[in-house]
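This report concerns only the one structure given below.
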Amino acid sequence: MNPEHILPEGFSLTYGIRQTQLATFRDSLGHPVRIWPKVLLPSTTVIVVEDLYAFPWNVLVHQRADNQHWGFPGGAQEVGESIQDCAIRECEEESGYLVHLYRLTSVDSDPMHGAIVQYQDGPAQYTNLTFVATVLSGTLRVSRESLAVRWASIHDLPAPFLDAHLWRLHQALMHVHESKGHTSFR
Numbered sequence: 044m045n046p047e048h049i050l051p052e053g054f055s056l057t058y059g060i061r062q063t064q065l066a067t068f069r070d071s072l073g074h075p076v077r078i079w080p081k082v083l084l085p086s087t088t089v090i091v092v093e094d095l096y097a098f099p100w101n102v103l104v105h106q107r108a109d110n111q112h113w114g115f116p117g118g119a120q121e122v123g124e125s126i127q128d129c130a131i132r133e134c135e136e137e138s139g140y141l142v143h144l145y146r147l148t149s150v151d152s153d154p155m156h157g158a159i160v161q162y163q164d165g166p167a168q169y170t171n172l173t174f175v176a177t178v179l180s181g182t183l184r185v186s187r188e189s190l191a192v193r194w195a196s197i198h199d200l201p202a203p204f205l206d207a208h209l210w211r212l213h214q215a216l217m218h219v220h221e222s223k224g225h226t227s228f229r
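Everything in the sequence shown is counted per my numbering, starting at 44 for the first residue and increasing by one.
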């Protein structure tokens, strides 16, 4: 028997599964997601370290103006730019630093783990590529997207810190210090 024949009129099995699945999603701040994102966006996160070989790392963090949470520089890719250029541009815009991308350490897009961001005009789902980088030049400064920007030890990160960024930091540490040599996906 086809299960579609026993469902109420106007209810599809696929829609029911999608709604159940949606109820389990959490946005970037840990809140439940109530409507499906209509936008998919490629994006970057840049974990800028003062010295790749000094442990514990000192990393560049900024307090976001949109949600007051701390995290790493990054943002959405623009039409016409590579994902690497996006990472470099976003970092310079948000911190004042021009960076050298050292390694891609993770790719995440899982809507159950913070890939959805809820904006006033509706939610968006991000596919994020995280890079570890070092500073080439520039002067540390606050941007219009940040309330504060500073260096912090990975053992003393400011709060509240974005959960997805903590996962990305963990992946970066595994791949750079433990020489796993491959990119993590989630």
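Cβ coordinates follow ideal geometry from the N, Cα and C atoms, glycine included.
Quick caveat: nothing in here was measured; it's all calculated off a predicted structure.
key: Residue of Asn101, Ser86, Glu188, Phe115 minimising C-alpha distance to Val122   = Sequence index remark: in the sequence shown, residue 122 carries index 79 (1-based). Comparing Cα-Cα distances from Val122 to each of Asn101, Ser86, Glu188, Phe115, the minimum goes to Ser86.
ask   = Would you say Gln163 and Pro80 are within 8 Å of each other, going by their C-beta atoms?
value = Position 120 of the sequence shown, counted from the first residue, corresponds to residue 163. Position 37 of the sequence shown, counted from the first residue, corresponds to residue 80. Not in contact: Gln163 and Pro80 (Cβ atoms no closer than 8 Å).
key: Distance between Tyr140 and Ala195 (C-alpha atoms, nearest Å)   = The residue you call residue 195 lines up with position 152 of the sequence shown. The residue you call residue 140 lines up with position 97 of the sequence shown. Our two residues, Ala195 and Tyr140, have alpha carbons roughly 16 Å apart in a direct line.
query = If you run the structure through DSSP and keep just helix, strand and coil, what is Asp70?
reply = Position 27 of the sequence shown, counted from the first residue, corresponds to residue 70. Correct three-state label for Asp70: strand.
query = DSSP beta-bridge partners for Ser241?
reply = No answer is possible for residue 241: it lies beyond the span of the chain, which begins at 44 and ends at 229.
request  = State the Cα-Cα distance for the pair Leu65 and Leu103, rounded to the nearest angstrom.
outcome  = Translated into the one-based positions of the sequence shown, residue 65 becomes position 22. Translated into the one-based positions of the sequence shown, residue 103 becomes position 60. For Leu65 and Leu103, the gap between their C-alpha atoms comes out near 33 Å.
task = Decide if His143 is buried, meaning its Cβ has at least 16 other Cβ atoms within 10 Å, or exposed.
result = One-based indexing of the sequence shown puts residue 143 at position 100. Counting Cβ neighbours within 10 Å, His143 comes out exposed, since fewer than 16 surround it.
query = What residue range is occupied by the uninterrupted beta strand (DSSP E) comprising Ser125?
reply = Here residue 125 is taken as the residue at index 82 of the sequence shown, counted from 1. Neither: Ser125 is in no beta strand (DSSP E) and is coded neither H nor E.
ask   = How would you write the range of the beta strand (DSSP E) that His105 sits in, first residue to last?
value = Locating residue 105 in the sequence shown gives position 62, where the first residue counts as 1. First-last of the beta strand (DSSP E) with His105: 101 to 107.
Continuous alpha helix (DSSP H) stretch holding Arg211: start and end = On the sequence shown, position 168 is the one that residue 211 refers to. First-last of the alpha helix (DSSP H) with Arg211: 206 to 220.
task = Report yes if the C-beta distance between Thr148 and Ala215 is below 8 Å; otherwise report no.
result = Within the sequence shown, the letter at position 105 stands for residue 148. Within the sequence shown, the letter at position 172 stands for residue 215. Yes. Within cutoff.
ask   = Going along the chain, which residues of its own chain have a beta-carbon closer than 7 Å to the beta-carbon of Asp109, five neighbours each way excluded?
value = The residue given as residue 109 occupies position 66 in the sequence shown. There are no such residues.
request  = Evaluate Ile78 with the Cβ neighbour count: other Cβ atoms within 10 Å of its Cβ, from every protein chain shown; 16 or more gives buried, anything less gives exposed.
outcome  = Counted from its first residue, the sequence shown places residue 78 at position 35. With fewer than 16 other Cβ atoms from the protein chains shown falling within 10 Å of its own Cβ, Ile78 counts as exposed.
Integer-rounded CB distance, given that Ile197 should sit under 8 Å from Leu212 = As a position in the sequence shown, residue 212 is number 169, starting the count at 1. As a position in the sequence shown, residue 197 is number 154, starting the count at 1. About 7 Å; that satisfies the 8 Å criterion.
query = Anyone know if the C-beta pair for Ser71 and Glu137 falls short of 8 Å?
reply = Sequence index remark: in the sequence shown, residue 71 carries index 28 (1-based). Sequence index remark: in the sequence shown, residue 137 carries index 94 (1-based). No.
query = The beta strand (DSSP E) with Trp194 in it runs from where to where?
reply = Against the sequence shown, residue 194 aligns to sequence position 151. Where Trp194 is concerned, the enclosing beta strand (DSSP E) stretches over 189 to 196.
request  = Would you mind reading off the limits of the beta strand (DSSP E) that contains Asp151?
outcome  = The sequence position of residue 151 within the sequence shown is 108, counting from 1. Membership of Asp151 in the beta strand (DSSP E) is indicated by the continuous run 140 to 151.
inquiry  = For His218 and Asp206, I'd like the C-alpha separation in whole angstroms.
reply    = Along the sequence shown, read from residue 1 onward, the residue named residue 218 stands at position 175. Along the sequence shown, read from residue 1 onward, the residue named residue 206 stands at position 163. The straight-line gap from Cα to Cα measures roughly 19 Å.
message = Please return the same chain residues whose Cβ sits closer than 8 Å to the Cβ of His220, not counting the five positions on each side in sequence.
response = Residue 220 sits at position 177 when you count from the first residue of the sequence shown. Cβ within range, chain order: Phe98.
inquiry  = Is it buried or exposed, Gln106, if we count other Cβ atoms within 10 angstroms and call 16 or more buried?
reply    = Walking along the sequence shown from the start, residue 106 turns up at place 63. A buried status is given to Gln106, since no fewer than 16 other beta-carbon atoms sit within 10 Å of its beta-carbon.
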